[in-house]
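In the working numbering, the protein residues as written are 218 to 473. Ideal Cβ positions, reconstructed from N, Cα and C, are used throughout, including at glycine. Predicted model only: the values in this text are computed from it and were never measured.
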Amino acid sequence: VRIAPVPQSAEKGGEALFLLSFRDISELRRLDRMRSDFVANASHELRTPLASLRGFIETMQGPARGDPKAQERFLAIMLEQANRMSRLVDDLLSLSRLELKAHLAPDQKVDLVPVIGHVRDSLTPLARDLDVEIRLHLPEDRVEVLGDRDELVQVFENLIENACKYGQEGRVVDVYVRNPQGGPVEVSVLDFGPGIPAEHVPRLTERFYRVSVADSRSKKGTGLGLAIVKHILTRHRARLIVKSAVGVGTEFTVRF
Ligand code: ADP
């Protein structure tokens, strides 16, 4: 609250007037808290693999010195930790770049059919490792939206990669691109994995949110993938719709 005297109000023989102005800063406070939570989370996430790296380096300098078998094992773990840090830094950079251009609506004409084909090709090695088949269900014609091609690739890479990783036990991932007459363009990614309990669904796009920490660690997540998806889709004025049933599977739909 600010109180300011209105200049000259008293001189004119009238009563002294004061101006009271109120400004609601709860939104600013909330954003501030989110920012500091984010920094704390990001630091924690980076510190974990760093601590592990330091531990292994010390072990290799000490107890494991002269034990080539142990050294080989430790080096593999260290490489994995370094990769984890790279993924985190890449995702953090993506988020901060997206924040910088959040107010700009992307305006390229992008045909989603080749975009989805490209994403499938780039995820084929991962899918093969996980023994999952990615099946595409594409219309014959072009399906154009206004967007940013690279960002849309990132969205579908995240969704299809998640479906392969978390829905691995279903063995197939189905991707549908729909462009109904007079209706919105939609891309759906379906898996037949364990599904997501309903109480987690509203929080999936929060930064660093994971349904199960143990599971996500073993599945190489950063917890930032869906936060990035959400940012990109907001910029594209598109929505992310999540339907999931435990024991049945999960469907993520992007509606343009
Ligand atoms: P991560 O890097 O951990 O994969 P995301 O932001 O992409 O982070 O996803 C957040 C969490 O949502 C994941 O850790 C996982 O628990 C859950 N999740 C995402 N996609 C699926 C899916 N298709 N099936 C089950 N759980 C999922």
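Note that the C-beta distance between I377 and L340 is below 8 Å.
By the C-beta criterion, the region 290-298 is judged to be in contact with the region 258-278, since at least 3 inter-stretch pairs fall below 8 Å.
With a cutoff of 8 Å on beta-carbon distance, L236 and V223 are scored as near each other. Between the alpha carbons of I274 and S260 lies a gap of roughly 21 Å.
When DSSP states are grouped into helix, strand and coil, I220 belongs to the strand group. The three-state reading of DSSP puts H354 in strand, counting E and B together.
Here V394 really is in contact with V360; their C-beta atoms are around 6 Å apart, less than 8 Å.
Taken through DSSP and simplified to helix, strand or coil, R388 comes out as coil. For L237, the shortest C-beta to heavy atom distance toward the ligand ADP is 7 Å or greater. If you check the C-beta of Y383 against the ligand ADP, you find a heavy atom less than 7 Å away. One thing to note: L407 has its Cβ within 8 Å of the Cβ of G466. DSSP, reduced to helix, strand and coil, places T265 within a helical segment of the structure shown. Remark: the shortest separation between the CB of Y426 and any heavy atom of the ligand ADP falls under 7 Å. DSSP places L234 outside both helix and strand once states are collapsed to three, so it counts as coil.
Relative to T265, the option among F239, Q325, V256, Q298 whose CA is nearest is Q298. For K460, the closest of T470, E350, N258, H453 by C-alpha to C-alpha distance is T470.
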